[in-house]
Structures are given as C-alpha cells and as structure tokens.
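>
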Amino acid sequence: MSIAILVIIISWFFYRRHVPVRGVGKLQLDSCKQEGVAIVDTRDYQISSRDRIDEACCVPVAYLKRHYQEIPKQSVIIVASDRIEKNLSARILRKKGMRVIGYSLVNNE
Numbered sequence: 103m104s105i106a107i108l109v110i111i112i113s114w115f116f117y118r119r120h121v122p123v124r125g126v127g128k129l130q131l132d133s134c135k136q137e138g139v140a141i142v143d144t145r146d147y148q149i150s151s152r153d154r155i156d157e158a159c160c161v162p163v164a165y166l167k168r169h170y171q172e173i174p175k176q177s178v179i180i181v182a183s184d185r186i187e188k189n190l191s192a193r194i195l196r197k198k199g200m201r202v203i204g205y206s207l208v209n210n211e
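Under the numbering used here, read the sequence shown as residues 103 to 211, first letter to last.
#1: Span of the alpha helix (DSSP H) holding L108?
#2: Tell me which residues share the same chain as H169 and place their Cβ nearer than 8 Å to its Cβ, disregarding the 5 neighbours each side in the sequence.
#3: Where S104 and S191 are concerned, what is the direct C-alpha to C-alpha distance, given to the nearest angstrom?
#4: May I have the straight-line CA-CA distance separating Q176 from G138, to the nearest angstrom?
#5: Quick check: Q130 and S206, are their CB atoms within less than 8 Å of each other?
#6: For D143, collect the residues of the same chain with a Cβ closer than 6 Å to its Cβ; drop the 5 residues on either side in sequence, then sort them by chain order.
#7: Assign N209 to one of two classes, buried (16 or more other C-beta atoms within 10 Å of its C-beta) or exposed (fewer than that).
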C-alpha cells in the first residue's frame, strides 16, 4: 500500500514538471507583442533584470501563486528560461483562471 502511494506521489511531481501543457504552443517573442495579450516573465528576478523584456509583467514562478493578481486580466504568454518553468507557470496560471495561449523560452547562456 505504501509503495503505491509513493508511486502516485512521484508520478504527480513528474507530470507537473515534465509533461507539456495541452493547448500552450511555442511562439516567437517578437510576435508576442499584440494588443490584448499580457506577457508574463516567469524567470528569476536576477535573470530577467539583465535581459529585460519591454511591456512584460515580471512575476517569477516561485511567486505566481501569491502575486498572480498583478497580471492583467487578458490572455497570457509566458516567458520562461526552461521547459520545467514553463510547465509549472502554465499550470499555476490556468488554475487561477487565466487563459495561457503560448510561451517563449529565453536561454541566458
């Protein structure tokens, strides 16, 4: 019984982080700047301050559950540094009732 519970917990963590969110497609950052669409930068503050994106609302993924009210009530495009950050952000924002339409990955290497 305890092994089954452990397998379920590990599967849940794997699903949240690594399985892509359905309906959230990859977009080019240049084409993201549209009317009626909010850009949410979910990268850490240290990374996003070095590579600033104009008109983006900066709320790192660790703060999304507490500060999602700062994001305008529009369709959302996520800017993330990796796929795990993108998946977690999309799931959190959808759970809060926001419509996530796409994402863009920005590598800071």
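Backbone N, C-alpha and C define an ideal beta-carbon position, used for all residues, glycine too.
So, to answer that:
#1: Translated into the one-based positions of the sequence shown, residue 108 becomes position 6. Residue range 104–120 is occupied by the alpha helix (DSSP H) that includes L108.
#2: Here residue 169 is taken as the residue at index 67 of the sequence shown, counted from 1. The answer, listed in chain order, is V161.
#3: Counting from 1 along the sequence shown, the entry for residue 104 is found at position 2. Counting from 1 along the sequence shown, the entry for residue 191 is found at position 89. Taking the straight line from one Cα to the other gives about 30 Å.
#4: Here residue 176 corresponds to residue number 74 of the sequence shown, with the count starting at 1. Here residue 138 corresponds to residue number 36 of the sequence shown, with the count starting at 1. Cα to Cα, Q176 sits roughly 6 Å from G138.
#5: For this step, residue 130 is matched to residue 28 along the sequence shown. For this step, residue 206 is matched to residue 104 along the sequence shown. Contact flag set, yes.
#6: Taking the first residue of the sequence shown as position 1, residue 143 is located at position 41. Cβ contact annotation for D143 (same chain, cutoff 6 Å, sequence separation greater than five): S150, I155, A158, C160, V181, in chain order.
#7: Here residue 209 refers to the residue found at position 107 of the sequence shown. Flag for N209 reads exposed.
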